[in-house]
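Residue 298 in this note's numbering sits at position 298 of the sequence shown; the count goes up by one each step and never skips.
Every residue gets a Cβ at the ideal spot worked out from N, C-alpha and C, and that includes glycine.
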Amino acid sequence: MKIVNFGSLNIDYVYAVPHFVRPGETLTAERRDIFPGGKGLNQTAALSRALGKASGIEIYIAGGIGKGDGALLKQALIDMNVNTSLLGEYDAPSGHTFIQVDASGQNSIVYYPGTNKMHTKDFVDAVLAHFSKGDFIVLQNEINMLDYIIEKAHERGLKIFFNPSPFEKNILDLPLDFVDCFLVNEVEAADIACVPVGDGDELLRAVTEKFSKASVVLTLGKNGVAYKDASGTYRHGIYNVPVVDTTAAGDTFTGYFIVCRALGMPVEKSLEYASKASSIAVSRKGAAPSIPTFDEVEKCTLALKK
Numbered sequence: 001m002k003i004v005n006f007g008s009l010n011i012d013y014v015y016a017v018p019h020f021v022r023p024g025e026t027l028t029a030e031r032r033d034i035f036p037g038g039k040g041l042n043q044t045a046a047l048s049r050a051l052g053k054a055s056g057i058e059i060y061i062a063g064g065i066g067k068g069d070g071a072l073l074k075q076a077l078i079d080m081n082v083n084t085s086l087l088g089e090y091d092a093p094s095g096h097t098f099i100q101v102d103a104s105g106q107n108s109i110v111y112y113p114g115t116n117k118m119h120t121k122d123f124v125d126a127v128l129a130h131f132s133k134g135d136f137i138v139l140q141n142e143i144n145m146l147d148y149i150i151e152k153a154h155e156r157g158l159k160i161f162f163n164p165s166p167f168e169k170n171i172l173d174l175p176l177d178f179v180d181c182f183l184v185n186e187v188e189a190a191d192i193a194c195v196p197v198g199d200g201d202e203l204l205r206a207v208t209e210k211f212s213k214a215s216v217v218l219t220l221g222k223n224g225v226a227y228k229d230a231s232g233t234y235r236h237g238i239y240n241v242p243v244v245d246t247t248a249a250g251d252t253f254t255g256y257f258i259v260c261r262a263l264g265m266p267v268e269k270s271l272e273y274a275s276k277a278s279s280i281a282v283s284r285k286g287a288a289p290s291i292p293t294f295d296e297v298e299k300c301t302l303a304l305k306k
């Protein structure tokens, strides 16, 4: 079995600040760090680390990097035992972000797509030719050609996991009926279901009524996470950990949940492992570097918040 994350790869420039910069303000950062990032890369890191010592599943990443500045990104993935043969290299800057992290660990992000939005139909076809029925494909909204990727992945019988982040209205024009599993927060759930933000039960019901063939993973902040499919609804709480940097929390959860399901774990166990992994990630600095290994998650004994 193969899992491919067809997504973004960014160079993250992370600035520690006392507060988010205000209009007209010049703010001195306390430090700057440079990390490999991007939702595609971060989720792929989580996929790889969640796999641990398990065999029988190969992790791939597909996307675009710059010839001049992409070596950092490619090497980070190689170091994580990810197959990078499906990366396209372009004569343009790689995607990059400007991230402010305040004293409470919250972040504010400015994103420049760069090579993440230079894909063509020929490139997509060449990537998907490596995968077949039953393989998993993971997608977000930081690359171009999503409509074509979803259509062609569906034609090939791939199981499609979609995290519609960052949400834009053009997502509603995508062939979302082909998506097998949506991974969303409360705002994203409301947006794809075209309803107001409500409580978790209302949002789960709205998304699954609109996309009756799909399962939904809904993250609920301090209220944990909920999952719904045709078989029922499942929930899991959050863990009590010190928050240092929330940048990769959602991506860590996504990668771990998908691998756990690919390994045949039940929904309840998949939610538990994904929740533990994301809790560990927020207690560390950085995006991809903060994502824990499977052994760390398996051995950790975190207490659920009451």
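8 angstroms Cβ cutoff met for residue i and residue j
i	j	result
G95	L203	no
I258	L47	yes
I160	F131	no
Q140	S108	no
F253	S278	yes
K285	D33	yes
A62	V138	no
I192	I171	yes
G66	G38	no
D12	I99	yes
A214	D180	yes
G52	D295	yes
T305	G237	Strictly speaking, residue 305 in this sequence is Lys, with Thr absent from that position. Contact flag set, yes.
M1	A262	yes
T97	Y111	yes
Integer-rounded CB distance, given that residue j should sit under 8 angstroms from residue i
i	j	result
P18	D102	7 angstroms
Y60	N83	4 angstroms
K228	V241	Incorrect: roughly 26 angstroms between the Cβ atoms, too far for contact.
G114	P93	5 angstroms
V207	V197	Not a contact, Cβ separation roughly 12 angstroms.
A50	Y256	4 angstroms
G40	E142	7 angstroms
N144	K169	Rounded, the Cβ-Cβ distance is 16 angstroms, inconsistent with contact.
I291	A248	6 angstroms
L176	N163	That belief does not hold up - the Cβ atoms of L176 and N163 are roughly 13 angstroms apart, past 8 angstroms.
M80	A45	6 angstroms
F35	A287	5 angstroms
K276	V244	Rounded, the Cβ-Cβ distance is 16 angstroms, inconsistent with contact.
E30	A16	4 angstroms
Which residues DSSP lists as bridging residue i, in chain order
i	result
A16	R31, V101
V207	BP columns for V207 are empty, so no partner.
C300	Note: C300 sits in no beta bridge, so no partner.
N42	DSSP, once it has assigned bridges, lists no residue as partnering N42.
P266	P266 pairs with nothing; no bridge assigned.
F6	A62, L139
G37	N10
Candidates the options, of which the one nearest residue i by Cα
i	options	result
R235	E268, I99, A277	E268
N5	T28, D69, E25, L87	L87
E272	I150, T233, G224	G224
G200	K2, L263, G66, N185	N185
T246	G105, E58, L72	G105
A274	I192, T219, P289, T26	T219
F167	L146, Y15, R22, P23	L146
R156	F162, R22, L174, D125	D125
G56	A190, G70, I3	I3
K210	V195, G221, K222	V195
T233	G250, P266, L158	P266
L72	A303, L302, P289, T301	P289
E58	S85, D251, L27	S85
Y90	C260, K222, R205, G68	G68
The ligand SAM heavy atom lying under 7 angstroms from the CB of residue i
i	result
G250	What this structure holds is no ligand at all, so the ligand SAM is not there to describe.
| field | Every unbroken beta strand (DSSP E) inside the segment 48–125 [3 residues or more] | value | 58–66, 83–90, 95–101, 107–112
| request: Tell me the start and end of each unbroken beta strand (DSSP E) in the segment 179–264 that is at least 3 residues and wholly inside, in chain order. | output: 181–185, 215–219, 225–229, 232–236
| Continuous beta strand (DSSP E) assignments of at least 3 residues falling wholly in the segment 124–178 | 136–139, 159–162
| query | Residue ranges of each alpha helix (DSSP H) run of no fewer than 4 residues wholly in the segment 275–300, ordered along the chain? | reply | 294–299
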